[in-house]
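Protein sequence lines correspond, in order, to chains L and X. When we follow full-length UniProt numbering, the leftmost residue of the first sequence carries the number 1, and every step to the right adds one. When we follow full-length UniProt numbering, the leftmost residue of the second sequence carries the number 1, and every step to the right adds one. Idealized CB from N, CA, C, for every residue including glycine.
There are 2 protein chains.
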Amino acid sequence: MPTLRHLASALTLTLASQVADAANVILIIGDGMDDQQVTIARNYLQGARGQLLLDTMPVRSAVQILTVDDTMDRRPVYVADSANTATSIATGEVSSRGRIGTTAGDDRDAETIVELARAAGLRTGVVTTASVTDATPASFAAHVSNRMCENPDAMVDITYHDIPLGGCEDDLKAAGGPGSIAEQLAVSGLDVLLGGGAKHFDPAVEGGEQSVARAAQLDGFSLVRSREELLGAPADARLLGLFAPSTLPVRLRGEDGREAEAAKPSLLNRLHRYLGDVTLPEPMTCEPNPAFDGTPSLKEMTDVALARLSADNERGFFLMVESASIDKQAHERKPCGSIGELQQLEEALASALDFAASHPDTLVLVTADHSQAAQLVPATSIFAKYNVPIYSPGLVARIITPEGSLMSVNYATNQFSHEEHTGASVPLYGNAVADGRVAPFIRQPDLFTIVRDYLGL
Amino acid sequence: MPTLRHLASALTLTLASQVADAANVILIIGDGMDDQQVTIARNYLQGARGQLLLDTMPVRSAVQILTVDDTMDRRPVYVADSANTATSIATGEVSSRGRIGTTAGDDRDAETIVELARAAGLRTGVVTTASVTDATPASFAAHVSNRMCENPDAMVDITYHDIPLGGCEDDLKAAGGPGSIAEQLAVSGLDVLLGGGAKHFDPAVEGGEQSVARAAQLDGFSLVRSREELLGAPADARLLGLFAPSTLPVRLRGEDGREAEAAKPSLLNRLHRYLGDVTLPEPMTCEPNPAFDGTPSLKEMTDVALARLSADNERGFFLMVESASIDKQAHERKPCGSIGELQQLEEALASALDFAASHPDTLVLVTADHSQAAQLVPATSIFAKYNVPIYSPGLVARIITPEGSLMSVNYATNQFSHEEHTGASVPLYGNAVADGRVAPFIRQPDLFTIVRDYLGL
Chain L
1 MPTLRHLASA LTLTLASQVA DAANVILIIG DGMDDQQVTI ARNYLQGARG QLLLDTMPVR
61 SAVQILTVDD TMDRRPVYVA DSANTATSIA TGEVSSRGRI GTTAGDDRDA ETIVELARAA
121 GLRTGVVTTA SVTDATPASF AAHVSNRMCE NPDAMVDITY HDIPLGGCED DLKAAGGPGS
181 IAEQLAVSGL DVLLGGGAKH FDPAVEGGEQ SVARAAQLDG FSLVRSREEL LGAPADARLL
241 GLFAPSTLPV RLRGEDGREA EAAKPSLLNR LHRYLGDVTL PEPMTCEPNP AFDGTPSLKE
301 MTDVALARLS ADNERGFFLM VESASIDKQA HERKPCGSIG ELQQLEEALA SALDFAASHP
361 DTLVLVTADH SQAAQLVPAT SIFAKYNVPI YSPGLVARII TPEGSLMSVN YATNQFSHEE
421 HTGASVPLYG NAVADGRVAP FIRQPDLFTI VRDYLGL
Chain X
1 MPTLRHLASA LTLTLASQVA DAANVILIIG DGMDDQQVTI ARNYLQGARG QLLLDTMPVR
61 SAVQILTVDD TMDRRPVYVA DSANTATSIA TGEVSSRGRI GTTAGDDRDA ETIVELARAA
121 GLRTGVVTTA SVTDATPASF AAHVSNRMCE NPDAMVDITY HDIPLGGCED DLKAAGGPGS
181 IAEQLAVSGL DVLLGGGAKH FDPAVEGGEQ SVARAAQLDG FSLVRSREEL LGAPADARLL
241 GLFAPSTLPV RLRGEDGREA EAAKPSLLNR LHRYLGDVTL PEPMTCEPNP AFDGTPSLKE
301 MTDVALARLS ADNERGFFLM VESASIDKQA HERKPCGSIG ELQQLEEALA SALDFAASHP
361 DTLVLVTADH SQAAQLVPAT SIFAKYNVPI YSPGLVARII TPEGSLMSVN YATNQFSHEE
421 HTGASVPLYG NAVADGRVAP FIRQPDLFTI VRDYLGL
């Protein structure tokens, strides 16, 4: 007959194994958050001698990004997009630009960490400041050959200002495919899905009459569309939150909405680069973006997700949190927008670390998907003594920082309406749980393996 | 009366304390070696899926660069030069651009790690592919207010193509100063000083008749001027090696000497950026630089230095090894040059790690002094589907890599003859001895403290 002591011992063992089972992963992705972006944000938010919360993370690594061309040869491509990088992280498969959860060349669906976690009984969540149908979130729970296939009306002959951008006919349900990204998310079984992209849930599902949003509700999602609805939503429901038609508004913007601007060389300087003079863009401050009012912060969305994913959960969860507009604002040459978005990532990270403090089996990882165009350049040229006009051939924002110095951010990867990504390896940060699980240098698909192994999937 | 066992025990203790005393530091600085440069070199030298020796280092950190303006206010400046960054590393003092071992505003001489090490009886060495009088090596053993004061003839009213670039009259011996960088190096007491910059040792010392080179010999240096002389030099002499008039030739160059070039837009495209077409620079390979023939490699110089610093040395040493032309070739928009130079750093690192394997109390650190202009950009724009001309407003090299893909490197920080530095934090790598001594995030002056504490100075 068991003694009280035996019972207590058995109870302890049971509790211990529950804790061990309830391993959680919070993966935070700063889209485009390379060391230039991190340093620009550090200087602005904390001062040059300050430190970000990111800087206090005990584990640090560098991640080599891998991309291949869309053939069976899979030749290296040295600069990625957010579709193939998120696919690397979510599935462990090196793929080609534009692909969501599918393989290069042969277009196979690659099983995602969310699908594996769900199958094992873990809860799953995806939170983003982009459309939930955007490349990064989509790659964790959908499979299409072209990231632009975000809703049922954008599957064939997608155009932008009459420019044909392709489609993904093979992914149509009529062709035996899984349908658009929004339709796949509606039936993804995710426990929490929060972000922007409401407009992609308005069209009717392929071959049906109800909207994608309605299909999501029929599949068990509670739908919330505002910050108030988010914060007041029933605590036990699976939650779909769509807080803007597309990308969520960002927190900071340039003074009066300004972005990076071109230097204005004098006529004489146009004749010879060492003659005449140049007028640089006026210095500017960053200011709150009025359009952000009423938008849930990334931290608020993360807090709601963590509460839902962890409540009465003995099995654990996987949560991906994306700070999307570090990248999106860099494409648009808006450094203040990127800085405010990195601040949002810092706040969400604080929530993640708080959660991990009371749930010690929580692995917290923060990384970027790829590098971006912005460069912190000298406010005064290092060749200023030569006393000739020296200026960027691209576009520059000269930002007055809170510590009263001038910080110049240069965008000069192309002359198109949007900057390019760049190819440098990106930082990876981990909490103490990551110690021994993450080498100082990894390839991006290794992230999938690290998370899968940690969750025992 | 002591037993044999007591004697053996005492002997062991003595040996142990000797080993502990003989702590060595090998600090390798890749000038301008940021994550863009590391990734570009990785892709070229090892392939996108390969890894550099750097990537195998067990300790990794990020280093925030600190620079201030040249006033007593010491306001933050967000982009550094190699003078103030080397001064941070060598002395722990945050200084202003252009300063060598001196403080911003009040122009104090800051004691360097080389001076501290020498005073404590350690041997010291400086090895570089730049002139030994260049900013990085100079900051470890000299003190002047202006990095351009490299020799006795360049102290007052320095000009370049008739452009006045200042000087450092206060540093003249006649003004009670220590004289030019070359003169200070000649009497620095360094055990090994190897690199380029012979032309700075030709002028007569201030107020004297003999050349700076002769002054160095009178102070105990054996002078070698070729690879053959270096490899055949007497094993016990203090060694000054000057293997080129200025910077040493680099190992790789672009095909036929090509560097990054401008895209050529059609006339129609000059009228509107979305019309017409553009001709991008022809792809090119990297090839051996004929001018490098006969130049000692960074590895050869490092091997000679390590042998001399460690032979019959019970007290230990400090050695700084600089791979200078990652930066210099980036200034000149020559990516093949930077790649070959990073390869030289890898070889020198291999020597350092070999040495540490047989001398376990050797701390090996590798870092960069500041970020640089080069960006790895898409060979095919990520917006290529839009089918309009898209190209960099700067200069681009399109390199055919050994694995047969095209890698585009963009230089677009200015329209001057030389690119700017950038402000991102830089990587730091350490061997196992660095474990627990280097946090995942540090400020650059912390490097001085880490080395000083490790050497017990």
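Exercise for the section: Return the CA-CA distance between L/Glu-332 and X/Glu-228, expressed in angstroms with no decimal places. Expected result: The straight-line gap from Cα to Cα measures roughly 56 Å.
Handout entry: Against chain L: residues of the segment 22 to 35 of chain X by CB proximity under 9 Å
Key = Asp-34 and Asp-35
Practice task
For L/Gln-184, count neighbouring Cβ atoms within 10 angstroms of its own Cβ and tell me buried if that reaches 16, exposed if not.
Solution key: buried
Problem - Local Cβ density within 10 Å of X/Tyr-44, reported as buried at 16 or more and exposed below that - result: The residue in question, X/Tyr-44, is buried, as its Cβ has 16 or more Cβ neighbours within 10 Å.
Problem - Residue burial classification, L/Lys-264 (beta-carbon count within 10 angstroms, cutoff 16) - result: exposed
Practice task
Check X/Arg-452 in the structure and name its three-state DSSP category.
Solution key: helix
Exercise for the section: Can you give me the Cβ contacts of L/Met-320 inside the same chain, cut-off strictly under 6 Å, excluding the 5 residues immediately before and after it? Expected result: Correct list, in chain order: Leu-27, Val-126 and Phe-140.
Handout entry: Anticipated Cβ contact below 8 Å, X/Ala-324 with X/Ala-374, distance rounded
Key = Between X/Ala-374 and X/Ala-324 the Cβ distance is about 15 Å, and since that is not below 8 Å, they are no contact.
Practice task
Return no unless some Cβ of chain X is closer than 7 Å to the Cβ of residue 458 of chain L.
Solution key: Chain L is shown from 1 up to 457; residue 458 of chain L falls before or after that span and cannot be answered.
Practice task
Could you tell me which chain L residues have their CB closer than 9 Å to the CB of X/Val-59, listed as they occur along the chain?
Solution key: Neighbours of X/Val-59 across chain L, judged by C-beta separation under 9 Å: Pro-440.
Exercise for the section: List the residues of chain L that X/Tyr-454 touches, going by C-beta distances under 8 Å, in chain order. Expected result: None at all; the shortest Cβ gap to chain L is about 20 Å.
Practice task
Please decide whether L/Ser-17 counts as near chain X, where near means a Cβ-Cβ distance under 7 Å.
Solution key: Per-residue confidence for L/Ser-17 stands at a pLDDT of 40, beneath the threshold of 50, marking its modelled position as unreliable; no derived number is given.
Handout entry: For L/Leu-231 and L/Gln-344, the rounded distance between their alpha carbons
Key = 18 Å
Practice task
For L/Glu-420, return the contacting residues in chain X, with the cut-off set at a CB-CB distance below 7 Å.
Solution key: Within chain X, the residues Val-377, Pro-378, Ser-381 and Ile-382 have their CB atoms less than 7 Å from the CB of L/Glu-420, given in chain order.
Exercise for the section: Give the residues of chain X in contact with L/Met-407, contact being defined as C-beta atoms less than 7 Å apart. Expected result: Tyr-78
Practice task
In angstroms with no decimal places, state the Cα-to-Cα distance between L/Pro-427 and L/Asp-293.
Solution key: 31 Å
Handout entry: As assigned by DSSP and simplified to three states, the class of X/Ser-139
Key = coil
Exercise for the section: Tell me whether L/Leu-52 sits in a helix, a strand or coil according to DSSP, three-state version. Expected result: L/Leu-52: coil per DSSP, three-state reduction.
Handout entry: Contacts around L/Gln-18, its chain only, beta-carbon distance under 6 Å, and the 5 residues preceding and following it disregarded
Key = Only weak support is given to the placement of L/Gln-18: the predicted model assigns it a pLDDT of 41, under 50, and the value that follows is read from those uncertain coordinates. Answer for L/Gln-18: Glu-314, listed in chain order.
Handout entry: X/Leu-447 at chain L interface by Cβ criterion, 7 Å
Key = no
Handout entry: X/Thr-422 versus X/Ile-29, X/Pro-402, X/Gln-37 and X/Val-25, residue with shortest Cα-Cα distance
Key = X/Gln-37
Exercise for the section: Select from L/Pro-402, L/Ala-424 and L/Leu-349 the residue whose C-alpha is nearest the C-alpha of L/Ser-371. Expected result: L/Ala-424
Practice task
Mind checking who X/Phe-317 pairs with in its DSSP beta bridge?
Solution key: X/Asn-24 and X/Arg-123, per the DSSP bridge assignment.
Exercise for the section: Please name the residue or residues paired with X/Gly-166 in a DSSP beta bridge. Expected result: None; X/Gly-166 has no bridge partner.
Exercise for the section: Starting from the C-beta of L/Thr-39, find all residues in its chain whose C-beta is less than 7 Å away, skip the five residues before and the five after it, and write them out in chain order. Expected result: Leu-376
Problem - Completely contained beta strand (DSSP E) runs for the segment 319 to 376 of chain L, where each covers 3 or more residues - result: Counting only runs of 3 or more residues that sit fully inside the segment 319 to 376 of chain L, the beta strand (DSSP E) segments are 362 to 368, in chain order.
Practice task
Would you check if there are 3 or more beta carbon pairs closer than 8 Å linking the segment 135 to 153 of chain L to the segment 96 to 112 of chain L?
Solution key: yes
Practice task
Go ahead and label X/Glu-322 buried or exposed: buried means 16 or more other beta carbons lie within 10 angstroms of its beta carbon, across all protein chains shown.
Solution key: buried
Exercise for the section: To the nearest angstrom, report how far apart X/Val-187 and X/Pro-360 are at their CA atoms. Expected result: 32 Å
Handout entry: Pairwise C-alpha distance: X/Asn-146 and X/Ala-198
Key = 20 Å
Exercise for the section: Counting only the same chain and skipping the five closest in sequence on each side, list residues whose C-beta sits under 7 Å from that of L/Cys-149. Expected result: Around L/Cys-149: Met-155, Gly-167, Cys-168, Asp-171, Ser-180 and Ile-181.
Problem - Distance between L/Asp-34 and L/Ala-130 (C-alpha atoms, nearest Å) - result: 18 Å
Practice task
Would you check if the distance between the CB atom of L/Ala-348 and the CB atom of L/Val-59 is smaller than 7 Å?
Solution key: no
Exercise for the section: With a cut-off of 8 Å on the beta carbons, I'd call L/Asp-69 and L/Ala-104 a contact; round off their distance for me. Expected result: 7 Å
Exercise for the section: Look at the alpha carbon of L/Lys-334 and the alpha carbon of X/Pro-335, and state the distance between them as a whole number of angstroms. Expected result: 29 Å
Handout entry: Separation of L/Met-301 from L/Pro-234, as counted between CA atoms
Key = Their backbone Cα atoms lie some 14 Å apart in a straight line.
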